[in-house]
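Going left to right, the sequence shown walks through residues 3 to 332 as my numbering numbers them.
Quick reminder that beta carbons are idealized off the backbone N, C-alpha and C, glycines included.
Bear in mind that the values here come from a model prediction, so they are computed numbers and not experimental data.
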Amino acid sequence: MIQSKDGLSFPGLPRRCGNGAAGFATSRDRRTGAPGTPICFPLGSFAGPGQSSFPFPAIRGQPDRVRAVHPESIVSTVIPHLLVKHSAAPKRVRIAKDPAEARADELARLLIAPNLADAFDLIDSSLTRASSPTALFTGLFEPTARKLGDLWSEDACSEFEVTIGLCQLQTAMRRISFDLLSAPLTRSQPRTVLVISQPGEPHSFFPALHSELLRQAGWNTVSEFPDTDKALSDLVANGWFDAVNLSLSPALRREHWLPRVAETIRKVRRASRNPALAVVASGRVFAERADACTMVGADAATVSSVQIERCLMRSLLNRTARPAANFAWI
Numbered sequence: 003m004i005q006s007k008d009g010l011s012f013p014g015l016p017r018r019c020g021n022g023a024a025g026f027a028t029s030r031d032r033r034t035g036a037p038g039t040p041i042c043f044p045l046g047s048f049a050g051p052g053q054s055s056f057p058f059p060a061i062r063g064q065p066d067r068v069r070a071v072h073p074e075s076i077v078s079t080v081i082p083h084l085l086v087k088h089s090a091a092p093k094r095v096r097i098a099k100d101p102a103e104a105r106a107d108e109l110a111r112l113l114i115a116p117n118l119a120d121a122f123d124l125i126d127s128s129l130t131r132a133s134s135p136t137a138l139f140t141g142l143f144e145p146t147a148r149k150l151g152d153l154w155s156e157d158a159c160s161e162f163e164v165t166i167g168l169c170q171l172q173t174a175m176r177r178i179s180f181d182l183l184s185a186p187l188t189r190s191q192p193r194t195v196l197v198i199s200q201p202g203e204p205h206s207f208f209p210a211l212h213s214e215l216l217r218q219a220g221w222n223t224v225s226e227f228p229d230t231d232k233a234l235s236d237l238v239a240n241g242w243f244d245a246v247n248l249s250l251s252p253a254l255r256r257e258h259w260l261p262r263v264a265e266t267i268r269k270v271r272r273a274s275r276n277p278a279l280a281v282v283a284s285g286r287v288f289a290e291r292a293d294a295c296t297m298v299g300a301d302a303a304t305v306s307s308v309q310i311e312r313c314l315m316r317s318l319l320n321r322t323a324r325p326a327a328n329f330a331w332i
């Protein structure tokens, strides 16, 4: 306790510095009124920015480094200085979530809920705001598929629930496509593309979406579901395809599947009737890993579904002819 000459008390401050530090102030004992023990403060403890210490007068008989610290100076100078430092602490800024991302997150959670009515209500309301059904598919459904994968990563749902949620998105997409999409473009010489999932991949959201987008763009699309590499090789060996779009899950990364995809693409190229077959890969892992396309030996990979036609056309132009791998059809 420190008591000043005018009777002000300052509780909490020490009466004595145990190591005989470099500065001191006197006080009076509250019980006897006798002069108290000097209170010691290290020199520079209350120094301001750029100062060695406060300009208190030196006490006679003490070294130059010793200054007397008066309680009034502590109250008037040090405490306001500490308050300013405390108030100047940086405040956390809450970043507002993007509205499209928020809708995708909400829809993903509704798709794994027991009652799907709210999910389809959100889809219908989003459709009225979307510029076109295609914009809804690529702007809401595709991000929602990724959000389903995020929920699985957070242990908020099972992989089975992710699969069911993707199936519900495909159901809504089919319904909207049948009711609202216009007639596809007609081309004099349409390209033929085989749209498939990687054999063994249970998530067929991307093949369904890409088939619809390419059909609208005037491509001749063939959707198949081969369950083995052998079945896929038979498809490309018995029919003519300009390109193949092979997809992994839109929700889960499947990085450990990349060696399997590389082997599948190698077998497809070897079995294809078309020596200049273009292969475009799709899936979340290809959108998030720039080196995944090279790892599997594809000609291109889509980051978003809106790129599917552009990637196919560029791959067809870049492919160079090579000898046919399978002559059984000649």
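From the DSSP output, read off the bridge partner residues of residue i.
{"i": "Thr194", "result": "Asn222"}
{"i": "Val281", "result": "Val246"}
{"i": "Ala302", "result": "Val282"}
{"i": "Ser127", "result": "Per DSSP, none; premise fails for Ser127."}
{"i": "Pro199", "result": "Checking the displayed sequence, the identity of residue 199 turns out to be Ser instead of Pro. Looking at the DSSP assignment, Ser199 forms a beta bridge with Ser249."}
On the CB-based measure, 16 or more other CB atoms within 10 Å of its CB, does residue i come out buried or exposed?
{"i": "Glu265", "result": "exposed"}
{"i": "Arg271", "result": "buried"}
{"i": "Val305", "result": "exposed"}
{"i": "Asn276", "result": "buried"}
{"i": "His205", "result": "buried"}
{"i": "Leu182", "result": "exposed"}
{"i": "Cys313", "result": "buried"}
{"i": "Pro261", "result": "exposed"}
{"i": "Ala115", "result": "exposed"}
{"i": "Asp231", "result": "buried"}
{"i": "Ser190", "result": "exposed"}
{"i": "Ala174", "result": "buried"}
{"i": "Thr223", "result": "buried"}
{"i": "Phe48", "result": "No answer about Phe48 holds up, because its pLDDT of 48 lies below 50 and its placement is not dependable."}
{"i": "Phe180", "result": "exposed"}
{"i": "Leu319", "result": "exposed"}
{"i": "Ala294", "result": "buried"}
{"i": "Thr188", "result": "exposed"}
Does DSSP classify residue i as helix, strand or coil?
{"i": "Leu168", "result": "helix"}
{"i": "Ser251", "result": "coil"}
{"i": "Ser307", "result": "helix"}
{"i": "Ala264", "result": "helix"}
{"i": "Ala239", "result": "helix"}
{"i": "Ser133", "result": "coil"}
{"i": "Ser274", "result": "coil"}
{"i": "Ser317", "result": "helix"}
{"i": "Ser160", "result": "coil"}
{"i": "Arg32", "result": "Any reading at Arg32 is ruled out, since the residue's pLDDT is 48, under 50, leaving its predicted position unreliable."}
{"i": "Leu153", "result": "helix"}
{"i": "Asp229", "result": "coil"}
{"i": "Asp100", "result": "coil"}
{"i": "Asp181", "result": "helix"}
{"i": "Asp293", "result": "coil"}
{"i": "Ala115", "result": "coil"}
{"i": "Thr140", "result": "helix"}
{"i": "Ser1", "result": "Outside the modelled stretch of the chain, which goes from 3 to 332, sits residue 1, for which no answer is possible."}
{"i": "Arg312", "result": "helix"}
{"i": "Thr188", "result": "coil"}
State yes or no: is the C-beta of residue i within less than 9 Å of the C-beta of residue j?
{"i": "Pro252", "j": "Gly220", "result": "no"}
{"i": "Val287", "j": "Arg321", "result": "no"}
{"i": "Leu335", "j": "Phe243", "result": "This structure cannot speak to residue 335, because the chain is shown only from 3 to 332."}
{"i": "Ser416", "j": "Lys269", "result": "Any question about residue 416 goes unanswered here, given that the chain covers just 3 to 332."}
{"i": "Ala106", "j": "Thr146", "result": "yes"}
{"i": "Val282", "j": "Thr140", "result": "no"}
{"i": "Lys344", "j": "Leu109", "result": "Absent from the structure is residue 344, since the part of the chain shown begins at 3 and ends at 332."}
{"i": "Leu254", "j": "Glu156", "result": "no"}
{"i": "Asp120", "j": "Leu112", "result": "yes"}
{"i": "Arg291", "j": "Ala302", "result": "no"}
{"i": "Ile310", "j": "Leu216", "result": "yes"}
{"i": "Phe227", "j": "Leu171", "result": "no"}
{"i": "Ala273", "j": "Ala239", "result": "yes"}
{"i": "Leu138", "j": "Ala132", "result": "yes"}
{"i": "Asp229", "j": "Pro201", "result": "yes"}
{"i": "Ala102", "j": "Leu142", "result": "yes"}
{"i": "Glu203", "j": "Trp259", "result": "yes"}
Can we say the segment 283-303 touches the segment 244-254, given the rule of at least three CB pairs closer than 8 Å? With the cut-off at 8 Å, the segment 283-303 and the segment 244-254 touch.
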